[in-house]
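For the protein sequence lines, the chains are R and L, in the order given.
Numbering follows my numbering, with no gaps: position 171 of the first sequence is 171.
So the mapping is simple: my numbering equals the position in the second sequence, first residue as 1, plus 1000.
I have placed the structure first, in the form of structure tokens, so that the comments after it can refer back to it.
Protein chains: 2
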Amino acid sequence: MGLPSNDRNRLPSWRSAAYAAPVTVTLRDVARFADVHPGTASKALNEATRDRVAPATVRRVLEAAERLGYQPNTFARGLRTRRSYAVGVVLPDLTNPLFPPIVRSVEKVLAAAGYTTLIVDTDNDPATEERLMTMLRARHADGFIIATARREHPVAEAGDLVPMVLVNRLTEAALVPAVAGDEAAGIGTAVEHLVSLGHRRIGHLAGPQDLSTGFGRYRAFLDATQRLGLASADCPISFADSYSEASGLRAAREMLAAAPTAIVAGNDLIALGCLDALAEAGLKCPSDVSLVGFNDMPMLARLNPPLTTVHLPQEEIGTEAARLLLDRIARPDGPAKRLLLPCHLTVRGSTARPR
Amino acid sequence: MGLPSNDRNRLPSWRSAAYAAPVTVTLRDVARFADVHPGTASKALNEATRDRVAPATVRRVLEAAERLGYQPNTFARGLRTRRSYAVGVVLPDLTNPLFPPIVRSVEKVLAAAGYTTLIVDTDNDPATEERLMTMLRARHADGFIIATARREHPVAEAGDLVPMVLVNRLTEAALVPAVAGDEAAGIGTAVEHLVSLGHRRIGHLAGPQDLSTGFGRYRAFLDATQRLGLASADCPISFADSYSEASGLRAAREMLAAAPTAIVAGNDLIALGCLDALAEAGLKCPSDVSLVGFNDMPMLARLNPPLTTVHLPQEEIGTEAARLLLDRIARPDGPAKRLLLPCHLTVRGSTARPR
DNA sequence: GTGAAAGCGCTAACAG
DNA sequence: CTGTTAGCGCTTTCAC
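Shown next as structure tokens:
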């Protein structure tokens, strides 16, 4: 009596527990060991119901659980409570260096609250996204952090049905909590910086317009140039159809016909493509053309020239997203907070006075 | 009759299903709709037992499931079958660009086999790793892909108790399946390349020796230089205590006292630190000192000079790791295959003939 | 404050 | 080939 009933996987004591095959010790085992009814053991183990059990009993149960290395069975608990303590994080592309820092901080906050993070990579494919969402739903994720950012996106309609937080995208409908960098302000700062250097012909290599970031930064560029009194004829715009060096190269070739003295790129990869286009055209950066990127991905400081770019507070974005989600899970009907975190311009060597 | 018994979350049809709160349709609902017993419905739905059900019945059940949008409850199934169809992937650091491509291909293979990938980031901390492993175990992960690579690692002892595959590390004990790039060959190729350029004084900036990669590459360097007939006195070695630019810088400063004409770095980050040390010392790369990195992280081609480095087949590593694991889950007692995938040297601008 | 009992949704062994 | 039944491990009323 008092020992786990199940010993099909009893393991030698010298094994490291975490990597060994599970020895299944159940609540019944704990209860038997502590000499109480399983129901009572359950109450004692559960923070919320603990106060309905005599302190001495609680102690006995807790000790038994400790001694036996009791781990509640997630399946049984989930089946009963309909909660998984798992959160889905839906990313468009894990290899995009923008996301890992966000994921890390999300994971940290959620883990501290007892949640498991289910990371999922949609490969920028709506069908994959649908499939993965279905999977996450089947696993009864308690909430979602969604970083895929098509402007036309089913999530915009799903509204407040399931706890979720949007990252890097603010839907028009303010029903869904969201956190993002203040990209408009970031683009604004970039344009101001160029204007203050003396630029008057500033182009924009816009990102994909079906992504909310691409669209948002484009609008922000329009606003900023207008606000600063630049003629729209002096502000050529080309559209890249993806966030990639190749698309950036194509768009930049087009752009260079308009001979801007400075260019604001939709993101860093587009800026890199632009760098190639400049080299191709025999133009030097920054002496002939200044260039600003967006995102501040790693290694930019080591480029030639080091790229000036708008820095996003990735870690903070992740932290806040996780907090908002926990909030939402706790109070699904609370107001949908929407957070805009400040971006700053990291000035490096790719911007200078025009000739 | 024939409708889901549970309508607390019935959703308007215009909502996108994937993002809406779950409407719970159970096996009983499907069975009722198809007018069979739940047990029969279960058999019909399950590939493996389907042939014990009349084809016409199978069709009816399948259609009912489709019509009602039936999703089996993972908890109930897991509780019953003691399988989760989830696999834990344990990474030391998600922000290391080495891992995302591996994770992506792992995820792809596992998803195709019906498994969910649980990605977990240990932040290079053994305690965090232990905690996360416990969590994964509580969630009854069916297997593990482990990419953390301390040489002293509990996993090395846990042996074949739970299905797992090691990535980027071959334990001495050949009990655990593993897949890695052939780093020794990679280092060998790098040294050969330098020797063929005419270098005779070749240094090594070794990575942390408590990591199996750091140690393995160090040994490979020793082997290669000896094999090629270089005097060990001509092959200075400094140790970086982490894979970082800062550590690389420190180790490189030390190394430069020995005046090698070429340096093989333990990884790319160490190589970057080395680049800084060279600049500091007023040495030009590659004209004064040639430099080779390891891993081929992104952006290296855009550096000044573009870094020559050993390329790891990350995608293939991930694919093979996932396959090995599926194998292992299917036949836990099969032989532990150990795969060594070829690395190739990507020659760029940081290596040249010595003066 | 504790015990008893029901049941979450599923699968698998066994009967028919 | 189909139905019946039991039970995975847990939480949660409801009695006592």
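Just so it is clear, CB atoms sit at the ideal spot from N, CA and C, and this is done for glycine as well.
Close beta carbons around residue i, own chain, < 6 Å, minus the five adjacent residues each side
i                   : result
Leu-1003 of chain L : Bear in mind that the predicted position of Leu-1003 of chain L carries a pLDDT of just 37, short of 50, making it unreliable; the figure below should be weighed with that in mind. Once the five neighbours on either side are set aside, Leu-1003 of chain L has no close Cβ partner at all.
Tyr-1218 of chain L : Ala-1206
Gly-349 of chain R  : Pro-305, Pro-306
Ala-1262 of chain L : Leu-1194, His-1199, Ile-1202, Ser-1290
Tyr-1070 of chain L : Val-1025, Val-1030
Ala-1086 of chain L : Thr-1116, Leu-1118, Ala-1141
Gly-293 of chain R  : Ala-265, Asp-268, Ala-271, Leu-307, Thr-309
Rounded C-alpha distance that separates residue i from residue j
i                   : j                   : result
Met-1164 of chain L : Val-89 of chain R   : 24 Å
Leu-1300 of chain L : Gln-314 of chain R  : 23 Å
Arg-1339 of chain L : Ala-1180 of chain L : According to the sequence shown, residue 1339 of chain L is Leu rather than Arg. Rounded to whole angstroms, Leu-1339 of chain L to Ala-1180 of chain L spans 6 Å at the Cα level.
Gln-209 of chain R  : Phe-215 of chain R  : 5 Å
Leu-325 of chain R  : Ile-145 of chain R  : 7 Å
Ala-1259 of chain L : Arg-302 of chain R  : 25 Å
Glu-47 of chain R   : Leu-1110 of chain L : 37 Å
Gly-273 of chain R  : Gly-266 of chain R  : 11 Å
Trp-221 of chain R  : Leu-197 of chain R  : It should be noted that the sequence gives Phe, not Trp, for residue 221 of chain R. Computed Cα separation, rounded: 17 Å.
Gly-188 of chain R  : Asn-1295 of chain L : 38 Å
Thr-319 of chain R  : Pro-101 of chain R  : 10 Å
Leu-161 of chain R  : Arg-1250 of chain L : 54 Å
Tyr-1243 of chain L : Thr-1213 of chain L : 10 Å
Val-1167 of chain L : Ala-1336 of chain L : 13 Å
Val-103 of chain R  : Asp-1051 of chain L : 44 Å
Leu-91 of chain R   : Leu-1278 of chain L : 39 Å
Arg-1131 of chain L : Thr-1122 of chain L : 9 Å
Arg-1328 of chain L : Arg-1083 of chain L : 14 Å
Gly-229 of chain R  : Asp-288 of chain R  : 23 Å
Pro-298 of chain R  : Thr-1134 of chain L : 33 Å
Per-residue DSSP class, three states only, for residue i
i                   : result
Ser-1247 of chain L : helix
Arg-1331 of chain L : coil
Asp-1268 of chain L : helix
Met-133 of chain R  : helix
Ser-16 of chain R   : With a pLDDT of only 47 at Ser-16 of chain R, under 50, the local geometry of the prediction cannot be trusted, and the value read off the model is given with reservation. In the structure shown, Ser-16 of chain R sits in coil (DSSP, three-state: anything other than H, G, I, E or B).
Ala-206 of chain R  : strand
Val-1162 of chain L : coil
Thr-1024 of chain L : coil
Ala-1156 of chain L : Summary for Ala-1156 of chain L: the model assigns pLDDT 49, below 50, so the residue's position carries little reliability; its value from the coordinates is reported in the next sentence. Three-state result, Ala-1156 of chain L: helix.
Val-53 of chain R   : coil
Val-941 of chain L  : Because chain L spans 1001 through 1355 in this model, residue 941 of chain L falls outside it and cannot be assessed.
Thr-1122 of chain L : coil
Ser-5 of chain R    : Residue placement at Ser-5 of chain R is poorly supported in this model, since its pLDDT is 38, which falls under 50; the coordinates are not used for a value here.
Ala-1357 of chain L : Since the first and last residues shown for chain L are 1001 and 1355, residue 1357 of chain L lies out of range.
Thr-1309 of chain L : strand
Ala-262 of chain R  : strand
Gly-1273 of chain L : helix
Gly-69 of chain R   : coil
Pro-100 of chain R  : helix
Arg-1302 of chain L : helix
Ala-257 of chain R  : coil
Arg-60 of chain R   : helix
Run of the alpha helix (DSSP H) containing residue i, from where it starts to where it stops
i                   : result
His-1193 of chain L : 1183 to 1197
Arg-1219 of chain L : 1212 to 1227
Leu-1094 of chain L : Run containing Leu-1094 of chain L: none; DSSP gives neither H nor E here.
Gly-78 of chain R   : 74 to 81
Run of the beta strand (DSSP E) containing residue i, from where it starts to where it stops
i                   : result
Ser-1232 of chain L : Note, Ser-1232 of chain L: premise wrong, no beta strand (DSSP E); not H, not E.
Ala-1041 of chain L : Taken as a continuous stretch (DSSP letters only), Ala-1041 of chain L belongs to no beta strand (DSSP E), being part of the alpha helix (DSSP H) at 1038 to 1045.
Leu-1345 of chain L : 1344 to 1346
Gly-114 of chain R  : Careful: Gly-114 of chain R lies outside any beta strand (DSSP E) and carries neither H nor E.
Arg-1356 of chain L : Outside the shown range of chain L (1001 to 1355) lies residue 1356 of chain L, about which nothing can therefore be said.
Leu-1291 of chain L : 1290 to 1295
Gly-1143 of chain L : 1143 to 1146
Same chain only: Cβ atoms within 8 Å of residue i, ignoring 5 sequence neighbours per side
i                  : result
Glu-245 of chain R : Leu-269, Ile-270, Leu-272, Gly-273, Asp-276
Own chain, CB closer than 7 Å to residue i, minus 5 neighbours either side, in chain order
i                   : result
Phe-1239 of chain L : Ala-1206, Gln-1209, Ala-1251
Ala-1065 of chain L : Val-1030, Leu-1045
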